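S.K.: Below you'll find the structure I mean.
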Amino acid sequence: MGCMGLAFAPNSHSSNTMGKVIKTLRKSINAFLHFYHSLASIAAILIFPFSASVILSQSLSPSYFPILRTLYHRIQLLFQAAGFPASSQFFSLLNLKLSQTIFSFTATLPFTLTLLLLAKASVILIVKEFPYKRFTPPPFSCLLRLFGFLLPTHLFNSFIILSANAAFFSIIFLVFNVFDVLYISSVNVILVLSAGSAIFYSIVLANTMVVCNLAIVVAAMESCGGYLPILKACVLIRGREATAITLALPANLAMAAIEALFQYRIVKPWQNSRSLNVSVIWEAFSITYMHSLLIVIDVIINCMLYKSCRKSSRSSCWESGVDYHLELEPEEKEDLEA
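Position in the sequence shown (first residue = 1) + 1437 = this note's numbering.
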C-alpha cells in the first residue's frame, strides 16, 4: 500500500495544481464578465496606447529599421566577444528577441510608467473585493495613492528582470568558455548546450516574471512599494511556483498569438504593398484592443492568484496554531470554518 501511495503522489499533486489553476481561472473570468463595462473602458482608454506601442515596436524588423539594426549588430558583437558560438541558431534568435525587447522597453516606457500603471491600479481596485462588495468608483486620490506604490515597485521589477538576464548570461558565458577551454566544441555539443540554455532561460524568465507580476498586486493590495512587495511575493509564491506559471501561460500565449496575428494581417500586407486601406486599419485597431483586454485579464488572474496564495498561507498558519492578527476576508473565513 505504501508503494502505491508513493507511486500516485505525483499524479495527486499534479491534479491538485490543475484544480487550483482551473478554479483561479474561473474566478478571473467571472470577475472580468461581472465588471466588463468598467474593465473594457480601462482597456480602451488607458491600456490601448500601451498595447499599440508594444505591438508596433515588436513587429519592427532590423532590416527595415536603422535603430533596431544597429542594436542587433551591437548585441551580436557582444555575443561574439563573450565567446558564444556564432553558428548557433539559439543565440541568433536570442539576439533578435533581445534587440526587439530592449527597443520595445525603451519605446513603451512613457506609456508603461503612466497609463499602464494607472490602468493596473484601476483594475486591482475594481476586483479587490470581488464578489463580496458592490463596486463603487474609487476617488481619483485613491488611484493616485496606489500609483505611488506601483511606480517604485515597477522600477524595482525592472531591476530584478535585468539582474536575472545578467545572471543567466554570466552563467552561460562561463559554461561555453569552460567547454571551449576543454576543446569540447563539436556541433552536437553546441546543439545540446544551446537547447539547455533555451530551457534554462525560459525557466529563469518565467519565474522572474511571475514574481514581478505578483509584486505589483501585492503593492496595491497591501499599500507598500519598492522592494518590499517583491519580497512578499517571493514568500507568497513559495511552493506554488507550478500553479503560478501555469496561470501565467494562457494570457501570455494569447498575447503572443495576438502579436503574431498583427504581424500576419497588418505588417506583411504593408511590407508588400506599402499601403493600408480602411479595413486593414480597422483590423489593426481591433487586434490592439484585444491585446489591451488580455492585459486586463492578466492583471485579474494575478489578483486571484494573490488571494489564493494569501488564503493558503493563512490556512497553514491556522492549522499550525500560529496567532494571525489580521482580518480575514469573507471567503477566507468560510473556508477556515469549513
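Where is the CB? At the ideal position from N, CA and C, for every residue including glycine.
Note that the coordinates shown come from a computational prediction; the quantities given were computed from them, not determined experimentally.
#1: Less than 9 angstroms between the beta carbons of Leu1483 and Ala1556, yes or no?
#2: Here's the rule: buried if 16 or more other CB atoms are within 10 angstroms of the residue's CB, otherwise exposed. What is Asn1650?
#3: When you compare only the Cα positions, how much space is there between Arg1506 and Ile1563?
#4: Taking DSSP as the reference, what is the three-state secondary structure of Glu1769?
#5: Please identify the residue among Ile1512, Phe1610, Ser1660 and Glu1566 whose C-alpha is closest to the C-alpha of Cys1579.
#6: With C-beta atoms as the reference, is Phe1487 less than 9 angstroms away from Phe1548?
#7: Would you be able to state if there are at least three C-beta pairs under 8 angstroms between the segment 1716-1735 and the segment 1513-1528?
#8: State buried or exposed for Pro1503, treating a residue as buried only when at least 16 other CB atoms are found within 10 Å of its CB.
#9: Do Val1733 and Ala1489 come within 9 angstroms of each other at the CB atom, strictly closer than that value?
#10: Just checking, does the segment 1671-1684 make contact with the segment 1606-1614 on the three C-beta pairs under 8 angstroms criterion?
#11: Which runs of the alpha helix (DSSP H) spanning at least 4 residues fall entirely within the segment 1628-1700, listed in chain order?
#12: Can you give the Cα-Cα distance for Gln1700 and Ser1716, rounded to whole angstroms?
#13: Quick check: what's the CA-CA separation for Arg1677 versus Leu1462?
M.R.: Once the coordinates are examined:
#1: On the sequence shown, residue 1483 is found 46 positions in, with the first residue counted as 1. On the sequence shown, residue 1556 is found 119 positions in, with the first residue counted as 1. It is a contact, given that the beta carbons lie within the stated cut-off.
#2: Indexing the sequence shown from 1 puts residue 1650 at position 213. It is buried - the Cβ of Asn1650 has at least 16 other Cβ atoms within 10 Å.
#3: Here the question's residue 1506 lines up with position 69 in the sequence shown. Here the question's residue 1563 lines up with position 126 in the sequence shown. Cα to Cα, Arg1506 sits roughly 42 angstroms from Ile1563.
#4: Taking the sequence shown and counting its residues from 1, one reaches residue 1769 at position 332. Here the model assigns Glu1769 a pLDDT of 46, short of 50, so the residue's position is not dependable, and the following value carries that caveat. In the structure shown, Glu1769 sits in a helix (DSSP, three-state: H, G or I).
#5: Position 142 of the sequence shown holds residue 1579. When only C-alpha atoms are compared, the closest one is Ser1660.
#6: The sequence position of residue 1487 within the sequence shown is 50, counting from 1. The sequence position of residue 1548 within the sequence shown is 111, counting from 1. Yes, the Cβ-Cβ distance between Phe1487 and Phe1548 is below 9 angstroms.
#7: no
#8: Here residue 1503 refers to the residue found at position 66 when the sequence shown is read from its first residue. Result: exposed.
#9: Within the sequence shown, residue 1489 is the residue found at index 52, counting from 1. Within the sequence shown, residue 1733 is the residue found at index 296, counting from 1. No, Cβ-Cβ distance for Ala1489 and Val1733 is not below 9 angstroms.
#10: no
#11: 1665-1674 and 1678-1699
#12: Here residue 1700 refers to the residue found at position 263 when the sequence shown is read from its first residue. Here residue 1716 refers to the residue found at position 279 when the sequence shown is read from its first residue. Using only the alpha carbons, I get a separation of about 16 angstroms.
#13: As a first step, residue 1677 is located in the sequence shown; it is residue number 240 there, counting from the start. As a first step, residue 1462 is located in the sequence shown; it is residue number 25 there, counting from the start. Each residue's Cα considered, the two are about 15 angstroms apart.
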